[in-house]
Amino acid sequence: MSRPAVTAALLLALCLGQGGDGAAWPLSEGDVSGNRVAAGKGSFPRWQALSLATEVPLRWLVALPPHRLAAVDREGTLWIFEVSRAGLSVAARYGEIASPDGPPAVVRLDGEKRGLALVARDGRLVVWSDGALRSYDVGAPLSRLTAPTPLILGSAHWDDLLAVAADGAVLLIGNLPAGPRVVSRVDARALPDARITVADLDGDGIPEAVVLSDPTERYAHGALGDGVEASSVTVLRLSPHGLSIRARHVVLAPAVIEDLVPILAPVGEGARPLVVVTRSSPQHGATVVVLGWNDRALQPLAEGPTLGQGQQWTHVLGAADLAGDGTTDIVAVRNPHIGGVLTAYRRRGGALVPVAQASGYSSHLFGSRNQDQALIADFDGNGRPEVVVPRQSREALVALELEGGRFIERWSLALRSPVESNLVAADLSGDGLVDLAVADRRLLHVFLSVR
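191 is the number of the first residue of the sequence shown in my numbering; add one for each residue after it.
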């Protein structure tokens, strides 16, 4: 299918109201909006525990329903695991074919068939499907520090990817099943390790892509893998003609955007997605900031309190209705490396006000690019999601539910060693219930809900 025809089909699906339901995309981060909230309900703390030892610690996990997990380990080896009530087994293994710095992305090929898209160490695009592994020069080397974003929005299955190039451009890669090539390119000056997220930001039925951009070394913290941070947020327009820059929000020096994944989620009144990121500065520390459309520009709409000093970070996990009262709370961990305070923020006008806090949790390892070691899902099936985070020791996972203005621990999982991978929440057993997968430094663990 040609580029105009494919794009027109996507736009038609969105205008018919079929877009925006990212639950069809089984990546651990939730959906293409970057919001780390998983759909479905589970039976926790009733579960069946499965474990499998691996030779090298697994760094990234994604669900491949039904009954499969994919993983990339520290050395860049791709693993395919079979999941069943009888246990875990290795279905396939491909030695050192991927960059270990970026997660694999789940893609759909030719309708309902699922595959994987990865970036190789040399910047080529690697596609796995049905046991076959193919490598492509798409016309420009990709950044090996990130992952492509599949354009799968609701029931609109678009066989295309968005990706960050090695030179910071954002690429639209078309014709994924038959021979992917760059079909549109825009000089977005993206961070080399930025992840692109997608949502309909202004309610016109046409999606925008958001990426962190304009790298700078003016804030020497290094919490997210290196000393390079973003100094702007760029919004890209998707149209029948390809990609174009629609807006750019720039933060003034010495502040930076200390994040890799801009979260797109409704916050406060209205259902329109807003952009949620962390802004940091040497004088004031880290602040959660909400950006949205105002007079056709991307402007700050609300922000939370600062931590009061530099070299401290706030890790935004996502946004969800934690209390079950119809109001979306922003969930973050303040100082995840030193004492970790899980915090729920509620928007009140131009302020993000902390409404609940709990200490002793670590959602991130200092110096890692993996921001996905925590998530939000209704694992116990009571209709209210839990926030799942590691304890400060990182050798246990804890689920906390917001009740009466307090975070209450509902259940916990002991691991054999510190958390190594991201967390996955998905139906891995095919019974319609949400399950949990995580790797520590020794084992792959899968916890299956039970009826």
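Even for Gly, the Cβ is constructed at its ideal location relative to N, Cα and C.
Practice prompt. For D357, count neighbouring Cβ atoms within 10 angstroms of its own Cβ and tell me buried if that reaches 16, exposed if not.
Written response: One-based indexing of the sequence shown puts residue 357 at position 167. Around the C-beta of D357, fewer than 16 other C-beta atoms lie within 10 Å, and the residue is accordingly described as exposed.
Worksheet item: If you draw a straight line from the alpha carbon of V506 to that of L299, how long is it in whole angstroms?
Response: Sequence index remark: in the sequence shown, residue 506 carries index 316 (1-based). Sequence index remark: in the sequence shown, residue 299 carries index 109 (1-based). Near 32 Å, if we compare the C-alpha coordinates of L299 and V506.
Worksheet item: Helix, strand or coil: which one does DSSP assign to R641?
Response: For the purposes of this step, residue 641 is identified with residue 451 of the sequence shown, where counting begins at 1. Collapsing the DSSP output to three states places R641 in coil.
Item to complete: Can you tell me which of L442, D392 and P338 puts its alpha carbon nearest to the alpha carbon of T406?
Response: Here residue 406 is taken as the residue at index 216 of the sequence shown, counted from 1. Out of L442, D392 and P338, the CA that lies nearest to the CA of T406 is found in L442.
Discussion item. Contact defined as beta carbons within less than 8 Å: I believe L618 pairs with A627. What is the distance between those atoms, to the nearest angstrom?
Written reply: Counted from its first residue, the sequence shown places residue 618 at position 428. Counted from its first residue, the sequence shown places residue 627 at position 437. Contact flag correct, Cβ pair sits at about 7 Å.
Discussion item. Considering only their Cβ atoms, is the gap separating P452 from V401 smaller than 9 Å?
Written reply: Looking up residue 401 in the sequence shown gives position 211. Looking up residue 452 in the sequence shown gives position 262. Result yes, Cβ atoms of V401 and P452 sit closer than 9 Å.
Fill in: Backbone CA spacing between D485 and D392 [nearest angstrom]
Residue mapping note: residue 485 aligns to position 295 of the sequence shown, counting from 1. Residue mapping note: residue 392 aligns to position 202 of the sequence shown, counting from 1. Roughly 11 Å separates the two Cα atoms.
Worksheet item: According to the neighbour-count rule (16 or more other Cβ atoms, all chains shown, within 10 Å of its Cβ), is A213 buried or exposed?
Response: In the sequence shown, the residue the question calls residue 213 occupies position 23. The predicted model places A213 with a pLDDT of 32, which falls under 50 and marks its position as unreliable; any figure quoted below should be read in that light. Within a 10 Å sphere around the beta-carbon of A213 sit fewer than 16 other beta-carbons, which makes this residue exposed.
Item to complete: Could you tell me whether the region 237 to 251 touches the region 259 to 279, using the rule of 3 or more Cβ pairs below 8 Å?
Response: A contact exists between the region 237 to 251 and the region 259 to 279.
Practice prompt. Pull up the distance between the alpha-carbon of L351 and that of W250, whole angstroms please.
Written response: Here residue 351 is taken as the residue at index 161 of the sequence shown, counted from 1. Here residue 250 is taken as the residue at index 60 of the sequence shown, counted from 1. Between L351 and W250, the alpha-carbon positions lie close to 19 Å from each other.
Worksheet item: Roughly how many whole angstroms lie between the Cα atoms of R193 and G364?
Response: Mapped onto the sequence shown, residue 193 falls at position 3. Mapped onto the sequence shown, residue 364 falls at position 174. Reliability of the predicted coordinates at R193 is poor, the pLDDT of 43 falling under 50, and the value obtained from them is presented with this limitation in mind. Cα to Cα, R193 sits roughly 7 Å from G364.
Practice prompt. Tell me, to the nearest whole angstrom, how far the beta carbon of L603 is from that of F637; I am working on the premise that it is less than 8 Å.
Written response: Working through the sequence shown from its first residue, we reach residue 603 at position 413. Working through the sequence shown from its first residue, we reach residue 637 at position 447. The pair is a contact, with the Cβ atoms about 7 Å apart (cut-off 8 Å).
Worksheet entry | Euclidean distance between Cα positions of G285 and A337 | The residue given as residue 285 occupies position 95 in the sequence shown. The residue given as residue 337 occupies position 147 in the sequence shown. A direct Cα-Cα distance of roughly 19 Å separates G285 from A337.
Fill in: Distance between H439 and D404 (C-alpha atoms, nearest Å)
Against the sequence shown, residue 404 aligns to sequence position 214. Against the sequence shown, residue 439 aligns to sequence position 249. So the alpha carbons of these two residues sit roughly 11 Å apart.
Practice prompt. State the DSSP-derived secondary structure class of S345, mapped to helix, strand or coil.
Written response: The count along the sequence shown starts at 1 and reaches residue 345 at position 155. Below a pLDDT of 50, predicted positions are generally treated as unreliable, and S345, at 49, falls in that range; no measurement from the model is reported.
Discussion item. To the nearest angstrom, how far is the alpha carbon of G321 from that of D312?
Written reply: Taking the sequence shown and counting its residues from 1, one reaches residue 321 at position 131. Taking the sequence shown and counting its residues from 1, one reaches residue 312 at position 122. The C-alpha of D312 is placed about 22 Å away from the C-alpha of G321.
Worksheet entry | Host beta strand (DSSP E) of S549 (start-end) | Translated into positions along the sequence shown, residue 549 becomes position 359. Start and end: A541 to S549.
Item to complete: Please list, in chain order, all residues of the same chain as V446 whose beta carbon is under 8 Å from its beta carbon, the five residues on each side excluded.
Response: Within the sequence shown, the letter at position 256 stands for residue 446. T406, R408, Y409, E419, A420, S421, R469, S470 and S471, listed in sequence order.
Item to complete: Take P294 as the anchor and find which of I287, E302 and L306 has the nearest alpha-carbon.
Response: In the sequence shown, residue 294 corresponds to position 104, counting from 1. Taking each of I287, E302 and L306 in turn and checking the Cα distance to P294, the smallest one comes out for L306.
Discussion item. So, with DSSP's three-state summary, where would you put E421?
Written reply: In the sequence shown, the residue the question calls residue 421 occupies position 231. Correcting the residue identity first, residue 421 is Ser in this sequence and not Glu. Assignment of S421 by DSSP, reduced to helix, strand and coil, places it in the strand class.
Worksheet item: Taking three-plus beta-carbon pairs below 8 Å as touching, is the region 426 to 440 in contact with the region 366 to 386?
Response: Counting C-beta pairs with one atom in each stretch, the region 426 to 440 and the region 366 to 386 have three or more that are closer than 8 Å, which means they touch.
Worksheet item: If you draw a straight line from the alpha carbon of G529 to that of S552, how long is it in whole angstroms?
Response: Taking the first residue of the sequence shown as 1, we reach residue 529 at position 339. Taking the first residue of the sequence shown as 1, we reach residue 552 at position 362. Rounded to whole angstroms, the gap between the alpha carbons of G529 and S552 is 7 Å.
Worksheet item: Name the DSSP beta bridge partners of P405, please?
Response: The sequence position of residue 405 within the sequence shown is 215, counting from 1. Partner(s): A420.
Fill in: Nearest residue (CA-CA) to G395, options V317, A541, R462 and A546
Taking the first residue of the sequence shown as 1, we reach residue 395 at position 205. The option with the nearest alpha carbon to G395 is R462.
Item to complete: Select from H257, R283 and R264 the residue whose C-alpha is nearest the C-alpha of E272.
Response: Counting from one through the sequence shown, the residue named residue 272 turns up at place 82. Nearest of H257, R283 and R264 to E272, Cα basis: H257.
Discussion item. So, for V614: in the same chain, excluding its five sequence neighbours on each side, which residues have a beta-carbon less than 6 Å away from its beta-carbon?
Written reply: Along the sequence shown, one-based indexing puts residue 614 at 424. Within the same chain, V614 has close Cβ partners S218, L251, A253 and A627.
Worksheet item: Using the rule of at least 16 other Cβ atoms within 10 Å of the residue's Cβ for burial, across every protein chain shown, is N225 buried or exposed?
Response: Taking the sequence shown and counting its residues from 1, one reaches residue 225 at position 35. Buried, because 16 or more other Cβ atoms sit within 10 Å of the Cβ of N225.
Worksheet item: How would you label A487, buried or exposed, when you count the other beta carbons within 10 angstroms and need 16 or more for buried?
Response: In the sequence shown, the residue the question calls residue 487 occupies position 297. Its Cβ having fewer than 16 others within 10 Å, A487 is exposed.
Worksheet item: Does the distance from the CB of E459 to the CB of V479 come in under 9 Å?
Response: Within the sequence shown, residue 459 is the residue found at index 269, counting from 1. Within the sequence shown, residue 479 is the residue found at index 289, counting from 1. No; because the gap between Cβ atoms is not below 9 Å, this pair is not in contact.
Item to complete: Would you list the residues sitting across from R298 in a DSSP beta bridge?
Response: Position 108 of the sequence shown holds residue 298. DSSP lists R304 as partners of R298.
Worksheet entry | Rounded C-alpha distance that separates A510 from L592 | Here residue 510 corresponds to residue number 320 of the sequence shown, with the count starting at 1. Here residue 592 corresponds to residue number 402 of the sequence shown, with the count starting at 1. Put simply, the backbone Cα of A510 is about 11 Å away from that of L592.
Worksheet item: For G277, which of helix, strand or coil comes out of DSSP?
Response: Your numbering for residue 277 matches position 87 in the sequence shown. Looking at G277 - three-state DSSP - the assignment turns out to be strand.
Worksheet item: In terms of alpha-carbon separation, which member of D570, R581, A260 and L428 lies closest to V651?
Response: Any answer about residue 651 is impossible in this case: the structure gives the chain only from 191 up to 641.
Item to complete: Take the Cβ of R596 as the centre, count every other Cβ of all protein chains shown within 10 Å, and call the residue buried at 16 or more, exposed below.
Response: Counted from its first residue, the sequence shown places residue 596 at position 406. By the Cβ-count criterion, R596 is exposed, with fewer than 16 other Cβ atoms from all chains shown falling within 10 Å of its own Cβ.
Worksheet entry | Close Cβ partners of Q561 (< 7 Å) along its chain, the five nearest in sequence each way excluded | Position 371 of the sequence shown, counted from the first residue, corresponds to residue 561. Within the same chain, L450, V451, H505 and H554 come within 7 Å of Q561 by CB-CB distance, once the 5 residues on both sides are set aside.
Discussion item. For L366 and F234, what's the separation of their Cα atoms in angstroms?
Written reply: Within the sequence shown, numbered from 1, the residue matching residue 366 stands at position 176. Within the sequence shown, numbered from 1, the residue matching residue 234 stands at position 44. Approximately 38 Å, taken between the alpha carbons.
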